[in-house]
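Chain order of the listed sequences is A and B. Residue numbers are given in our numbering: position 346 of the first sequence equals residue 346, and the series is strictly consecutive. Residue numbers are given in our numbering: position 238 of the second sequence equals residue 238, and the series is strictly consecutive. One structure below.
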Amino acid sequence: MATITLDQVRKVYGGVVEAVKGVSVDIADGEFIVLVGPSGCGKSTLLRMIAGLEDITTGEIKIGDRVVNNVDPADRDIAMVFQNYALYPHMSVYNNLAYGLKNRGMAKDEIDRRVKEAARILEIGDYLDRKPRALSGGQRQRVAMGRAIVREPAAFLFDEPLSNLDAKLRVQMRVEIKRLQRSLGTTSVYVTHDQLEAMTLADRLIVLNGGNIEQIGAPIDVYDKPASTFVAGFIGSPAMNLLPVKAVDGGLGLETGSGLSVPNLHGQDKCLLGVRPEHLEVVDQLPNGPHAQVTVNVLEPVGAESYLYASFENGGPEIVIRVSSHAVHKPGEKLFLGIKPENLHFFESQSGKRIGD
Amino acid sequence: MKRLQLSDHLVLIGGVIFMVAPVMIAIMTSTHDAITIYKSGLQFLPGGQMLENYETVLFRAGGFTKEVNGLVMMKNSLILGLGFAIGKIVISMLAAYAIVYFRFPMATLCFWVIFCTLLLPLEVRILPSYEIVQSLGMTNTYSGLIVPLIASATGTFFFRQFFMSVPDELLEAARIDGAGPWKFFFDILVPLSKTMIAAIFIIMFVYGWNQYLWPTLITTDEALFTLVRGIKQIMQVWVGAQIPALNEAMALAILAMLPPVIVVVIFQSWFIKGLVESDK
Ligand SMILES: Nc1ncnc2c1ncn2[C@@H]1O[C@H](COP(=O)(O)OP(=O)(O)OP(=O)(O)O)[C@@H](O)[C@H]1O
Ligand SMILES: [Mg+2]
């Protein structure tokens with residue numbers, strides 16, 4: 001168990017592609033960190049630099065108190081779980097788990113003890129003699145986890161370990177990974193592009209965009225106070241509504257179209273207004289506070305709730321509203337929407353940065 | 001439907017006859033005595049000379065020096081075939097390993113140079129090769145027979161393609177598991193290549209076993225003659241009187257066919273097993 005410290009870590013591929021652009025973060029001992037971001041934002045690259053599979057162009061990575069920039073992956077005291085599991089196809093499950101320990105020259109009975117223990121925790125004891133090809137996707141996933149656990153490493157690194165599983169199994173394994181990490185207390189860095197996975201697993205989220213950190217924080221803080229329009233659009237599903245607004249009499253109104261009125265809390269001429277679908281409340285009368293007036297286009301029921309896609313009068317952007325699954329709305333229906341002032345987010349139009357706290 | 005099936009079978013049977021008949025005729029002919037064959041040509045039915053003929057070719061010393069018999073020649077052929085196949089596999093696996101997994105200057109160029117030698121079969125470079133072997137004093141040795149032939153562009157190419165299809169994550173997992181280059185090669189790559197090795201072994205063993213020109217050049221010592229050469233030798237030297245010993249030539253030809261057949265049968269089942277239980 002150890003802390004991991006990244007200091008201005010950069011990665012440039014072949015002198016041209018800057019995949020990671022100066023990332024600094026302190027990861028506490030035992031913390032579960034999730035790296036999240038869209039495809040190609042440099043998550044895997046960053047993780048692989050921590051693992052030692054990729055050279056660090058500039059900057060410094062410390063695991064514990066040791067600078068590991070030039071340390072071999074095997075000597076970094078980390079274990080990694082790959083997206084495609086990367087199990088050795090010709091070895092039995094037992095040997096898959098034991099291989100790394102054997103290479104370290106560990107005594108046979110200690111290896112046996114650790115493999116059996118990991119097998120017990122992960123409930124793969126029945127398949128120890130099987131080859132990976134004779135296992136289901138979920139079982140392979142467990143074996144891959146087992147291979148990480150037996151090492152008793154200072155840190156676990158996960159690169160989208162659940163993305164090859166079906167939706168149900170994914171949820172199940174997600175819970176299990178969390179439980180396991182809690183009980184072992186091992187520092188973990190977990191890469192995913194699935195914001196739900198990120199929210200549920202993380203002690204702290206790191207949202208990456210184009211090789212830069214957009215925001216670091218506890219999932220709920222990132223959700224409540226996204227630092228930029230990028231984070232606002234990425235965390236939360238459906239994504240936050242972002243509306244270009246300008247100063248009008250008595251507050252802010254839509255740049256194009258009409259039917260929105262919110263207070264100008266930060267005295268902006270022009271900015272982006274953010275409001276989450278779940279914070280738009282359908283009301284009977286036009287309220288006094290912040291409000292909107294829209295026409296329903298489409299109703300999309302997903303079971304527990306429904307999403308309304310609606311647009312403003314005279315053009316303007318389409319917005320999404322979350323309503324209860326029992327609410328009855330028809331396309332063409334006109335709605336009044338109330339918004340609580342504390343649920344309004346403001347972002348600079350140009351940079352997309354959050355305005356205020 | 002029925003008629004279609006019948007014609008299918010006829011085609012297949014025709015094919016089988018076409019392939020097997022010459023071998024059957026050789027086997028039948030090898031069981032007669034030389035005079036019968038000389039008088040009435042190839043035989044289609046078994047004769048009574050089988051044991052004698054095979055015993056003669058296997059154990060009777062022949063040639064000018066009277067120190068080589070069928071068994072010795074078979075041993076020589078085996079050494080050539082095995083050395084040839086194993087040598088080629090070892091060399092080409094190592095070459096492919098270097099090309100695929102190690103970043104060294106001009107790796108791609110190296111590969112294409114190796115690949116281009118495919119265009120230069122042994123026969124094209126046989127004189128310079130002979131020169132070198134001779135100047136090294138390696139004529140009439142097993143190593144002279146085998147070593148100059150074991151570089152293999154084909155093998156390197158196949159192993160390269162195979163290694164490139166092995167997922168990178170496997171290498172990375174092994175690196176994290178503390179496997180160095182040799183360990184990765186022996187613990188992971190070699191076991192994964194089993195079917196590839198079996199396939200190349202079949203091809204190369206048969207190819208080596210059937211070599212004729214090269215052994216003829218390199219070995220003048222009869223103790224190093226291979227079976228394939230022996231068949232020819234029988235026709236020239238073992239002519240008892242005026243009659244060529246066709247029965248013995250046939251027997252030797254049959255014997256010469258056996259080991260490649262055995263290799264193919266054994267390794268093919270391996271090979272197919274490997275293909276069916278696709279790993280990786
Ligand atoms: N070996 C390489 N050579 C050059 N560029 C690379 C290399 N590996 C990755 N890149 C580039 O670096 C950037 C980050 O890649 P990375 O694999 O870290 O993305 P990612 O965030 O993991 O994406 P995904 O979610 O799709 O896995 C991408 O633009 C990619 O094209
Ligand atoms: Mg990735």
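Glycine is no exception: its CB is placed at the ideal position from the N, C-alpha and C atoms.
For the stretch 175-199 of chain B, the set of positions with a beta-carbon nearer than 7 angstroms to some beta-carbon of chain A reads Arg175, Ile176, Asp177, Gly178, Ala179, Lys183, Ile188, Pro191, Leu192 in chain order. Here DSSP, grouped into helix, strand and coil, assigns Gln161 of chain B to helix. Distances from the CA of Leu122 of chain B to each of B:Thr154, B:Val264, B:Ile79, B:Pro46 were compared; the closest alpha carbon is that of B:Thr154. Excluding five sequence positions before and after Ala85 of chain B, the CB atoms of its chain that fall closer than 7 angstroms to its own CB belong to Phe201, Met204, Phe205, Gly208, given in chain order. Under DSSP, no beta-bridge partner is assigned to Asp8 of chain B.
If only uninterrupted alpha helix (DSSP H) runs of at least 4 residues are considered, those enclosed by the stretch 26-97 of chain B are 34-40, 50-59. Contacts with chain A at 8 angstroms (Cβ-Cβ) do not include Pro105 of chain B. With fewer than 16 other Cβ atoms from the protein chains shown falling within 10 Å of its own Cβ, Glu342 of chain A counts as exposed. Boundaries of the beta strand (DSSP E) harbouring Lys62 of chain A: 58-63, taken from the DSSP string. Chain-order list of chain B residues neighbouring Ala86 of chain A: Pro167, Glu169, Leu170, Glu172, Ala173, by C-beta distance under 8 angstroms. Runs of alpha helix (DSSP H) with 4 or more residues, each lying fully within the stretch 150-213 of chain A, are found at 167-184, 195-201, listed in chain order. Ligand 1 never approaches His329 of chain A closely enough for any of its heavy atoms to be under 7 angstroms from the residue's Cβ. Residue pairing for Met240 of chain A: DSSP places it in no beta bridge.
A check of alpha carbon separations from Leu6 of chain A across A:Val248, A:Lys225, A:Arg66 identifies A:Arg66 as the nearest. Residues are counted here when their Cβ sits less than 8 angstroms from a Cβ of chain B; for the stretch 95-110 of chain A these are Tyr99, Gly100, Asn103, Arg104, given in chain order. Per DSSP, the continuous alpha helix (DSSP H) segment holding Thr229 of chain A begins and ends at 229-234. Separation of Met240 of chain A and Val282 of chain A (C-alpha to C-alpha, rounded to the nearest whole angstrom) is 17 angstroms. Restricting attention to B:Leu4, B:Ala245, B:Asp8, B:Val190, the CA atom closest to the CA of Val166 of chain B is found in B:Val190.
For secondary structure counted as the beta strand (DSSP E) over 3 or more consecutive residues, the stretch 69-125 of chain A holds these complete runs in sequence order: 78-81. The Cβ-Cβ distance between Arg103 of chain B and Leu53 of chain A does not fall below 8 angstroms. Contact annotation for Pro341 of chain A against chain B: no contact, minimum CB-CB distance about 50 angstroms [criterion: below 7 angstroms]. If you draw a straight line from the Cα of Ile266 of chain B to the Cα of Asn140 of chain B, it comes to about 31 angstroms. At a cut-off of 8 angstroms between beta carbons, Leu53 of chain A contacts chain B.
Leaving aside the five residues that flank Ser129 of chain B on each side, the residues in its chain whose CB is nearer than 6 angstroms to its CB run, in chain order, Pro148. Counted as a single uninterrupted DSSP element, the alpha helix (DSSP H) harbouring Gly144 of chain B occupies residues 142-146. Within its own chain, the residues whose Cβ lies closer than 7 angstroms to the Cβ of Arg114 of chain A, once the five positions on either side in sequence are excluded, are Leu101, Val150, listed in chain order. Look at which beta carbons fall closer than 5 angstroms to any heavy atom of ligand 1; those residues are A:Tyr13, A:Val17, A:Ala19, A:Ser39, A:Gly40, A:Cys41, A:Gly42, A:Lys43, A:Ser44, A:Thr45, A:His193.
Residues are counted here when their Cβ sits less than 9 angstroms from a Cβ of chain B; for the stretch 51-81 of chain A these are Ala51, Gly52, Leu53, Asp72, Pro73, Ala74, Asp75, Arg76, Ile78, Ala79, Met80, given in chain order. By the CB criterion at 8 angstroms, Asp33 of chain B and Gln49 of chain B fall inside the cutoff. At least one heavy atom of ligand 2 is found less than 7 angstroms from the C-beta of Val191 of chain A.
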